[in-house]
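Written below as structure tokens is the structure these notes are about.
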Amino acid sequence: MKKILSIFLPWFIFAGALSYNMNVGLKLKGKWGAYVNGKEIIVWENNSTKPVSSFYFHLYQNAFREGASFMEDMGGMPDKWKKHNEWWGKEKIIKILVDGQDLTANLSYVSPDDGNKKDKTVAVVSLPKAIPAGKKANIEIEFETKLPKAFARSGVGKGYYFVSQWFPKFAVLEEDGTWVCHQYHRNGEFYADFSTYDVKIALPEELKVAATGEIIERKKKGAHQILLFHQEKIHDFAFVADNDFIKMKEFYESPVQPRVKILLFVQPAHKNQAQRYFESVKRALKFYSERIAPYPYRRITIVDPDISGIRTSGMEYPTMISTGTLYLMPKGIRFQEEVTVHEFGHQYWYGVVANDETDEAWLDEGINTFFEVNIMATYKWMFNYLFFKSKDAERQRVTYSKTTYADPIITPSWKFFPGTYSNSVYTKATLTLETWKRLVGEKKFFKALSNYFYKYAYKHPHSKDFFQTMDESLGKDWSGLWKPMFYKPGKVNWKVYSVRKKTLVLLREGVDVEIPVDVVVKLSGGKEKKFKWSTRWMKKKFGLNIKEVRIDPEEKLMIDSNPFDNWWSKSSPLANKLISSFLDKLQIVFLNLLP
Ligand SMILES: [Zn+2]
Numbered sequence: 010m011k012k013i014l015s016i017f018l019p020w021f022i023f024a025g026a027l028s029y030n031m032n033v034g035l036k037l038k039g040k041w042g043a044y045v046n047g048k049e050i051i052v053w054e055n056n057s058t059k060p061v062s063s064f065y066f067h068l069y070q071n072a073f074r075e076g077a078s079f080m081e082d083m084g085g086m087p088d089k090w091k092k093h094n095e096w097w098g099k100e101k102i103i104k105i106l107v108d109g110q111d112l113t114a115n116l117s118y119v120s121p122d123d124g125n126k127k128d129k130t131v132a133v134v135s136l137p138k139a140i141p142a143g144k145k146a147n148i149e150i151e152f153e154t155k156l157p158k159a160f161a162r163s164g165v166g167k168g169y170y171f172v173s174q175w176f177p178k179f180a181v182l183e184e185d186g187t188w189v190c191h192q193y194h195r196n197g198e199f200y201a202d203f204s205t206y207d208v209k210i211a212l213p214e215e216l217k218v219a220a221t222g223e224i225i226e227r228k229k230k231g232a233h234q235i236l237l238f239h240q241e242k243i244h245d246f247a248f249v250a251d252n253d254f255i256k257m258k259e260f261y262e263s264p265v266q267p268r269v270k271i272l273l274f275v276q277p278a279h280k281n282q283a284q285r286y287f288e289s290v291k292r293a294l295k296f297y298s299e300r301i302a303p304y305p306y307r308r309i310t311i312v313d314p315d316i317s318g319i320r321t322s323g324m325e326y327p328t329m330i331s332t333g334t335l336y337l338m339p340k341g342i343r344f345q346e347e348v349t350v351h352e353f354g355h356q357y358w359y360g361v362v363a364n365d366e367t368d369e370a371w372l373d374e375g376i377n378t379f380f381e382v383n384i385m386a387t388y389k390w391m392f393n394y395l396f397f398k399s400k401d402a403e404r405q406r407v408t409y410s411k412t413t414y415a416d417p418i419i420t421p422s423w424k425f426f427p428g429t430y431s432n433s434v435y436t437k438a439t440l441t442l443e444t445w446k447r448l449v450g451e452k453k454f455f456k457a458l459s460n461y462f463y464k465y466a467y468k469h470p471h472s473k474d475f476f477q478t479m480d481e482s483l484g485k486d487w488s489g490l491w492k493p494m495f496y497k498p499g500k501v502n503w504k505v506y507s508v509r510k511k512t513l514v515l516l517r518e519g520v521d522v523e524i525p526v527d528v529v530v531k532l533s534g535g536k537e538k539k540f541k542w543s544t545r546w547m548k549k550k551f552g553l554n555i556k557e558v559r560i561d562p563e564e565k566l567m568i569d570s571n572p573f574d575n576w577w578s579k580s581s582p583l584a585n586k587l588i589s590s591f592l593d594k595l596q597i598v599f600l601n602l603l604p
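Numbering (the numbering used here), first residue to last: 10 to 604.
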């Protein structure tokens, strides 16, 4: 340990910051036994305005034990798992010293969200003496983590080890002195403070290792390799080790983006798809750097998981993302591009602008999926296979149309009505932002998002901060859109309710979204009337007979749950109705077939 401390800069030069120095080893025992054990030295500062008399830690891998809330959310541990104790995960603090004093006996577990006594994902240690505001503490923790069989976001496959959420991790202390430390639920992710990480890992020599941050030292010791990683201004650290990884690299730079090294750790079976990974990350880098801000780190590492660890795909960690594909995936089905673009986007949303992913998941997932939709649009098609062509945005709308929304988007992740968490925080949020963008114009909207990014970079914003910054940047109160869409359950549908000769009735069903909607009416004799409509319903009389009605002719309203009732035509109303209803069903059938 002494040696580690001498390598690193002394903690006191990181004024006001948190830092983790770790010295750990990955030990393999049998087919599923993968243990990470060692020591972490954390320098922590009380950044709140109150004295602190206890510390809260996340022990995430305890989610994969019998009775844990994560497992209970899934209806209990799967039967297969019950027969295989060696598949379970666990995490233990063996010893904890605070400023040199052994406080191991003061450790206990709490379940602030659901009171489940069997859940051990949150540990608390009471301090004999409170730490005043502005003061620092030095915490030394000895721990051991057993990884589960590759499950949710972490674990073991065949010669494949995805080591994430693996060390006792400090919860976030808010300014008013309250700890935010949610249990690990099936729905809901993470929340942590920015920190400097220096992580030394010893592991078997034959493994190839992808990790957060920059590698600054590589040594050999017997049958082991010892790697040292360093990164500042991040809030998590993960690494992946695999027997078979092929390591490839490319670079991206532009007048607005300093050079970024793109590292790809790809499975041999997917090597011929490597360019698809590189291209999608480059598209994302271009899109973000030109509209929001340059990517602030020097490298991005892409991990292509082994098929045995496919459940670790589609995750984001600071400077490292896991993606995924299948052997012989056709070029016209861009799942791998979508997941790469999505996970890369998390480097901005949650990576740098770090909201609480458990309480307000939409703030990263919704904004990030909105970007995903826009970056995927640069490919023209998300799917272009056989007879079917579709864009990401259309696919999102089908999901939205099919969903019954019993809760507002702003609902803590683990409290959503069954099956609606992701359709709310990803899909409904995305479509609301996409609608908003189409209403105000692309340039203005991305500029406002860029303002939000710069204002809250390396901070922990809340939803109200987002809406306030957007309204201010856009110079207009848009609460008629965001209040009902984010704070109310349900969805919205604008429709042509009835047409009788010269009289038109329009109706808005569902949540009260009060935004001006374009309507175009064609009258007999070729005359055209254009007007805006924002009330719940409207009855309008014209001087001539109505030939055709079109609500939202430019298709700005992506939150309109049924776009097919926006159109009425005197010439062939029934045929049009049948065709649009058929196309609608066909699309839903196809999209339901997709994984
Ligand atoms: Zn995401």
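Each residue gets a CB set at the ideal place from its N, CA and C atoms; glycine is no exception.
Keep in mind that this is a model prediction, so the values were computed, not measured.
Item                                                                                                                                                          : Value
With hydrogens ignored, establish whether the beta-carbon of H355 is closer than 7 angstroms to any heavy atom of ligand 1.                                   : yes
V526 and L513 - do their beta-carbons sit closer together than 8 angstroms?                                                                                   : no
Return the first residue and the last residue of the beta strand (DSSP E) that M257 is part of.                                                               : I255 to S263
DSSP on K127, reduced to helix/strand/coil?                                                                                                                   : coil
Tell me where the beta strand (DSSP E) around F152 begins and ends.                                                                                           : K145 to K155
What are the complete beta strand (DSSP E) segments, minimum 3 residues, inside the segment 513-547?                                                          : 526-532 and 537-542
Using the rule of at least 16 other Cβ atoms within 10 Å of the residue's Cβ for burial, across every protein chain shown, is Q345 buried or exposed?         : buried
In three-state terms, what does DSSP make of V460?                                                                                                            : Residue identity check: residue 460 is Asn in the sequence provided, not Val. Helix, per DSSP.
Which one of H355, D401 and F380 has the shortest CA to CA distance from F455?                                                                                : F380
So if DSSP puts S399 in a beta bridge, which residue, or which two residues, is it bridged to?                                                                : F392
In chain order, what residues of the same chain lie with their CB nearer than 6 angstroms to the CB of D122, ignoring the 5 residues before and after it?     : H191 and Q192
May I ask you to verify whether the segment 557-575 touches the segment 433-446, counting CB pairs closer than 8 angstroms and requiring at least 3?          : yes
Per DSSP, which one or two residues make a beta bridge with P213?                                                                                             : H233
From the DSSP output, in three-state form, read off Y29 for me.                                                                                               : strand
Can you pull the DSSP bridge partners for D251?                                                                                                               : Y169 and K217
Short check: CB of A219 to CB of V312, under 8 angstroms?                                                                                                     : yes
From H469 to Y435, what distance separates their C-alpha atoms?                                                                                               : 19 angstroms
Using CA atoms only, rank isn't needed, just tell me which of V131, K178, W97 and N502 is closest to V165.                                                    : W97
Assuming V131 contacts L116 under a Cβ cut-off of 8 angstroms, what Cβ separation, rounded to an integer in Å, is found between them?                         : Not a contact, Cβ separation roughly 11 angstroms.
Please go through the segment 291-358 and give each complete beta strand (DSSP E) segment of 3 or more residues, from N-terminal end onward.                  : 308-312, 324-326 and 329-331
For I243, which residues does DSSP report across the bridge?                                                                                                  : S204
When burial is assigned at 16 or more other CB atoms within 10 Å of the CB, is N252 buried or exposed?                                                        : exposed
Rounded C-beta distance between K145 and V52? I'm assuming under 8 angstroms.                                                                                 : 6 angstroms
From what residue to what residue does the beta strand (DSSP E) around F64 run?                                                                               : V61 to H67
Got a sec? Which residues, its chain only, sit under 6 angstroms from S459 by beta carbon, not counting five neighbours each side?                            : I301
Using 8 angstroms as the threshold, is the segment 487-506 in touch with the segment 444-453, meaning 3 or more CB pairs across them?                         : yes
Measuring straight from C-alpha to C-alpha, what distance separates F21 and A386?                                                                             : In this predicted model, F21 has a pLDDT of only 34, less than 50, meaning its place in the structure is not dependable; the value taken from the coordinates is given anyway. Roughly 47 angstroms between the two C-alpha positions.
Any idea what DSSP makes of Y496, helix, strand or coil?                                                                                                      : helix
Residues in the same chain with beta-carbon distance under 6 angstroms from K361, minus the five sequence neighbours each way, listed in chain order, please. : The residue asked about is misnamed: residue 361 is Val in this sequence, not Lys. The answer, listed in chain order, is A466.
Can you tell me whether Y29 is buried or exposed, with buried defined as 16 or more other CB within 10 angstroms of its CB?                                   : buried
Keeping to the same chain, check which residues put their C-beta closer than 6 angstroms to that of P137; ignore five residues upstream and five downstream.  : none
Using a Cβ-Cβ cut-off of 8 angstroms, state whether S459 counts as contacting chain D.                                                                        : No chain D is part of this structure, which consists of one protein chain only.
Using 7 angstroms as the cut-off, classify the Cβ of H194 as near or not near the heavy atoms of ligand 1, replying yes or no.                                : no
Spatial neighbours of K291 within its chain, please: C-beta separation below 6 angstroms, excluding the five flanking residues on both sides.                 : Y261
Per DSSP, K40 forms a beta bridge with which residues?                                                                                                        : Per DSSP, none; premise fails for K40.
Could you check the C-alpha separation between A139 and K101 for me, to the nearest Å?                                                                        : 25 angstroms
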